[in-house]
Amino acid sequence: DGYGLDGVYAANRLATASCDVHLDALIFGLSFVAVIPQEDGSVLVRPQSPKNCTGRFSADGSRLVAGLVVQQTCDPEVVEAELLLPDVIVQV
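Everything in the sequence shown is counted per the working numbering, starting at 2 for the first residue and increasing by one.
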């Protein structure tokens, strides 16, 4: 394809990961995929479970304008969080 999407699909192993994303959408009603630009011009595509994600939709409901991913750590009292905004990712 002229956009390089076949390479993105292969590099991020989406043939396998997309099955989980679609299954989550069927079970939970929505699913999340983070697409993160890399310094070399490529993109990292990370499927995210709707059990540990939430987001804020645009006024017309067509897309997310912000996302929050929360992950448990080995310490049950500590979590890692990523706030995904259009121009920046904040990790805490």
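Ideal Cβ placement from N, Cα and C applies to all residues, glycine included. All figures in this text were calculated on a predicted structure; none of them were measured in a lab.
What are the start and end residues of the beta strand (DSSP E) that includes residue i?
i          : result
residue 56 : 54–58
residue 15 : Not the beta strand (DSSP E): residue 15 falls in the alpha helix (DSSP H), residues 15–29.
residue 9  : Run containing residue 9: none in the beta strand (DSSP E); it sits in the alpha helix (DSSP H), 6–12.
residue 93 : Residue 93 -> no beta strand (DSSP E), and no H or E assigned at all.
residue 39 : Note, residue 39: premise wrong, no beta strand (DSSP E); not H, not E.
residue 86 : First-last for residue 86: undefined, no H or E at that position.
Around the C-beta of residue i, are 16 or more other C-beta atoms found within 10 angstroms, so that it is buried, or is it exposed?
i          : result
residue 25 : buried
residue 59 : exposed
residue 54 : buried
residue 70 : buried
residue 29 : exposed
Quick one, which of the options has its alpha-carbon nearest residue i's?
i          : options           : result
residue 23 : 75, 48 and 87     : 48
residue 87 : 80, 81, 56 and 71 : 56
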